[in-house]
Amino acid sequence: MSAPLHTPPAPAHCPERPVGPLFIGLFAAAYCGVYIALVTPVTVTLAVKAQQIAPQDKQATLSLALGIGSVLAILGNPLIGRLSDRTTSRFGMRRPWLVGGLVGGLAGLLICAMTRDVTTLVVGWCLTQLSFNAVLAALIAVLPDRIPERQRGSVSGVLGLCLSVALVVGSFLAQAVSSSVVLMFMVPASVGALTVLALVAVLRDRRLTQRPPYGVRELARSYWVNPRRHPDFGWAWLSRCLMFMGTSVLSAYKTFYLSDHLGYSLAQVPRLVFWALLTQTVVTVVSSQLSGWLSDRLKRRKPFVVWAAVLYGLGLLVISLADSFSLFLVGMAITGIGFGTYLSVDLALVTDVLPSRATAGRDLGVFNIATALPQSLAPTLAPAVLAIGGGDNYALLFLLAALCAVAGAAVLQPVRAVR
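Pasting the structure below:
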């Protein structure tokens, strides 16, 4: 799973006609649907599949799949976004990538669902990540393509809730069909397919008649902002990276934590994950709306982001000490408060410290690498931590994740451009 890494520049002629609630609804549904298809394996199904095909090496199998898949998401999303900007198809600029990425993503998930060996599982997940990130890159480009500036704030607010909604819906669907691993992969994928195709059917896509220049230098600039020239941006990037190291551990390893550490059976885990994510999402939505409003009213950013990261770390600490599902839920609720506050204010803070408005799309693309990179690093490092306790030292793993989140709060202190 990866947040979109490419936000394209606004078109030369920005749209002026407002879009109606039907298009906004279909746009948000497609955005949410892709995340349902993509995050459900990360939160539940890949772990179940890893335990099914490699019970003795399930942590290493999950780490391998998530790590390589995240690298492809990091590298592929900005590149595919740029290619989408240059597409001259008669079907439009975005539609070919929406449909093509959807087909590839469904094929990748079907491979994951049907395989009986680790190598094919990794290949299937890599195809899934690369393909669905193509869909996400094209989807986020629809925002400046079709949404006029005066509507972008409200539409972006709706899109901001899609990941949290997708986590709950995906885990609900997975636990509803938990008797079949194939259905646990493909039912959420079907929701993503239907919602994307519905948007494609009504999308008035941009048409490009001439390709803009694109060379090696432009490609390299998609991945870099000099932190020495723009230190505030650099500190904000590092803070996001550390914070998401914590969130990535919780996302990837809560399934194993419930089964190996708390002792629940594999059949019980999808239902428990659903209730945990529902608890987290409810408080995430409430805290994000309240903290975003307060941040604007008080004209302060840093205190909200700092304390949000600290709260998330506290929630991870509670989870690391949990000896029952009830205490685990308390930890999930605390992380939800921190996560909602962080998501709602951190993007505003970063917008305030962008190096240049003229390169905002590139800079936000670089910033979003800080969201995706931990999804590769955390699964790579986690097996070494777990091995300290014989392969199941989840308490230490979540404690270190908590320290990462708190460190994310600490490194924001040098930021000077915002209060």
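Final position of the sequence shown in this note's numbering is 471; the numbers increase by one with none missing.
Glycine included, every Cβ here is placed at the ideal spot set by N, Cα and C.
Margin query: Under DSSP, the alpha helix (DSSP H) around phenylalanine 143 begins and ends at which residues?
Written below: Run containing phenylalanine 143: none; DSSP gives neither H nor E here.
Checklist line | Collapsed DSSP secondary structure at leucine 255 in the structure displayed | finding: Here leucine 255 sits in coil by DSSP.
Check: Between which two residues does the alpha helix (DSSP H) harbouring tyrosine 83 extend?
Finding: Tyrosine 83 -> alpha helix (DSSP H) spans 73-92.
Notebook entry, point to check: Along the chain, which unbroken stretches of the alpha helix (DSSP H) at least 4 residues long are found entirely within the segment 324-386?
Noted result: 354-373, all fully within the segment 324-386.
Check: Between the Cα of leucine 246 and the Cα atoms of Leu78, Pro466 and Ala434, which residue gives the shortest distance?
Finding: It is Leu78 whose Cα lies nearest to the Cα of leucine 246.
Notebook entry, point to check: Start and end of the alpha helix (DSSP H) containing isoleucine 105?
Noted result: Counting along the chain, isoleucine 105 sits inside the alpha helix (DSSP H) bounded by residues 98-105.
Notebook entry, point to check: What's the C-alpha gap between tyrosine 446 and serine 136?
Noted result: C-alpha separation (whole angstroms): 42 Å.
Notebook entry, point to check: Between the C-alpha atoms of aspartate 109 and aspartate 444, what's the straight-line distance to the nearest angstrom?
Noted result: Going from the Cα of aspartate 109 to the Cα of aspartate 444 covers about 12 Å.
Next item on the list: Give the straight-line distance between the Cα atoms of alanine 454 and alanine 228, rounded to the nearest whole angstrom.
Entry: Near 31 Å, if we compare the C-alpha coordinates of alanine 228 and alanine 454.
Margin query: Rounded to whole angstroms, what is the Cα-Cα separation between tryptophan 327 and aspartate 169?
Written below: In a straight line, the C-alpha of tryptophan 327 is about 30 Å away from that of aspartate 169.
Check: Between the segment 349-357 and the segment 366-385, do at least 3 Cβ pairs fall closer than 8 Å?
Finding: No contact exists between the segment 349-357 and the segment 366-385.
Notebook entry, point to check: Going by beta carbon distance, what residues of the same chain come within less than 7 Å of leucine 429, once the five residues before and after it are set aside?
Noted result: Closer than 7 Å at the Cβ level, and outside the excluded window around leucine 429, lie Met297.
Next item on the list: Tell me whether isoleucine 389 sits in a helix, a strand or coil according to DSSP, three-state version.
Entry: Reduced to three states, the DSSP call for isoleucine 389 is helix.
Margin query: Can you tell me where the alpha helix (DSSP H) holding serine 291 begins and where it ends?
Written below: From DSSP, the alpha helix (DSSP H) with serine 291 extends over 283-308.
Note to self: Tell me whether arginine 142, by its Cβ, gets closer than 8 Å to a heavy atom of the ligand NAD.
What the structure shows: The model on display carries no ligand, and the ligand NAD is accordingly not part of it.
Next item on the list: Give the DSSP-derived three-state secondary structure of aspartate 197 in the structure shown.
Entry: In the structure shown, aspartate 197 falls within a helical segment according to DSSP collapsed to helix, strand and coil.
Item checked: Buried versus exposed, by CB contacts within 10 Å (16 or more), methionine 171 -> The question names methionine, but residue 171 in the sequence shown is threonine. Its Cβ having fewer than 16 others within 10 Å, threonine 171 is exposed.
Note to self: For a test of the three-state rule: what should DSSP assign to isoleucine 120, helix, strand or coil?
What the structure shows: Residue state, collapsed to three classes: helix.
Check: Which whole-angstrom value describes the C-beta separation of alanine 89 and alanine 250, a residue pair presumed to lie in contact below a C-beta threshold of 8 Å?
Finding: Contact between alanine 89 and alanine 250 fails: their C-beta atoms lie close to 14 Å from each other, not under 8 Å.
Next item on the list: Measure the Cβ-Cβ separation of arginine 292 and phenylalanine 419 and say whether it is below 9 Å.
Entry: Taking 9 Å as the cut-off, the Cβ atoms of arginine 292 and phenylalanine 419 count as close.
Notebook entry, point to check: Which two residues bound the contiguous alpha helix (DSSP H) that contains serine 223?
Noted result: Start and end: 214-228.
Checklist line | Segment limits, alpha helix (DSSP H) that includes alanine 319 | finding: Counted as a single uninterrupted DSSP element, the stretch harbouring alanine 319 is not any alpha helix (DSSP H), since DSSP gives it neither H nor E.
Next item on the list: Ignore the nearest five residues each way along the sequence and tell me which others in alanine 459's own chain have a CB closer than 7 Å to its CB.
Entry: Same-chain partners within the cutoff: Leu294.
Notebook entry, point to check: Whose C-beta lies closer than 6 Å to the C-beta of leucine 330 among residues of the same chain, with five residues either side of it excluded?
Noted result: Val220.
Notebook entry, point to check: Can you give the Cα-Cα distance for leucine 302 and phenylalanine 380, rounded to whole angstroms?
Noted result: Straight-line Cα distance between these residues: approximately 11 Å.
Next item on the list: Give the straight-line distance between the Cα atoms of leucine 116 and alanine 102, rounded to the nearest whole angstrom.
Entry: Annotation: leucine 116 to alanine 102 spans about 10 Å, alpha carbon to alpha carbon.
Note to self: With a threshold of 7 Å on Cβ separation, who are the neighbours of leucine 449 within its own chain once the five nearest residues in sequence on each side are excluded?
What the structure shows: The answer, listed in chain order, is Val301, Tyr305, Ala434, Val437 and Leu438.
Notebook entry, point to check: Does DSSP put isoleucine 242 in a helix, in a strand, or in coil?
Noted result: Residue identity check: residue 242 is serine in the sequence provided, not isoleucine. Assigned with DSSP and collapsed to three states, serine 242 falls in helix.
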